[in-house]
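Colleague: Take a look at this one; I'll ask things after.
Residue numbers (UniProt numbering): 1 to 222.
Here it is, written out as structure tokens:
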């Protein structure tokens with residue numbers, strides 16, 4: 001039976017990009033369906049009626065939703081080039097830090113991005129503290145997964161793309177080689193991987209999109 005894979009995503013979603021990275025690392029063929037979240041397709045509404053958001057991976061007409069869930073599904077179905085560690089404890093830690101990235105790191109960095117003045121100054125320490133936890137996890141390793149890119153690298157991969165982009169927009173450095181030598185090196189190693197590099201959305205378009213978002217947030221806060 002022919003395996004059919006279809007990925008519903010947007011061009012800029014960091015969550016959907018996780019799935020792209022996993023599919024490309026596994027060397028799997030798939031069809032991309034780009035969604036407009038202001039005018040969501042009936043297919044997206046059908047396949048993800050609960051959240052009505054991307055990404056959704058359709059495998060032989062069966063939808064799988066939520067990016068981290070999709071990563072594990074891909075790894076379980078296609079065993080080659082494993083993403084999750086083989087050791088049960090290491091697997092649990094990868095899941096723990098992936099959740100930490102989504103629930104703590106991303107919101108704290110976003111708080112810095114969408115604020116200014118005193119509010120931004122007060123948001124920075126928490127973002128830095130969260131990043132320090134990730135710095136500790138990289139001791140003695142090229143990637144979070146070891147020598148090769150794995151599940152946790154993909155889960156945190158948005159940092160390698162978005163952090164420098166957001167820093168440029170707000171003219172503020174959060175991650176530098178002096179304070180975060182391991183994290184800085186990892187961001188470069190991850191971004192420079194040939195498979196990953198081919199997947200990044202155009203930087204100029206991302207800058208334009210997030211500049212507009214930044215301006216809108218500041219306008220609403222005024």
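The beta carbon of each residue, even a glycine, is placed where N, CA and C say it ideally should be.
#1: Pop quiz: residue 127 and residue 109 are said to be a contact at Cβ under 8 Å. What is the actual Cβ separation, rounded to whole angstroms?
#2: What is the rounded straight-line gap between the Cα of residue 131 and the Cα of residue 39?
#3: Residues bridged to residue 8 by DSSP?
#4: If you measure between the beta carbons of residue 57 and residue 64, is that distance less than 7 Å?
#5: Can you give the beta carbon distance from residue 142 to residue 188, rounded, assuming they're within the 8 Å contact cut?
#6: Which residue comes first and which comes last in the alpha helix (DSSP H) that contains residue 62?
#7: Please report the Cβ distance between residue 134 and residue 112, rounded to the nearest whole angstrom; I am assuming they are in contact, meaning their Cβ atoms lie under 8 Å.
#8: Can you tell me whether residue 143 is helix, strand or coil according to DSSP?
#9: Does the contact criterion of 3 or more C-beta pairs under 8 Å hold for the region 14-29 versus the region 165-185?
#10: Is it buried or exposed, residue 117, if we count other Cβ atoms within 10 angstroms and call 16 or more buried?
Modeller: Looking at the coordinates:
#1: 5 Å
#2: 35 Å
#3: 33, 56
#4: yes
#5: Contact doesn't hold; Cβ gap of about 11 Å is too wide.
#6: No alpha helix (DSSP H) holds residue 62; the beta strand (DSSP E) holding it covers 62-65.
#7: Rounded, the Cβ-Cβ distance is 16 Å, inconsistent with contact.
#8: strand
#9: no
#10: exposed
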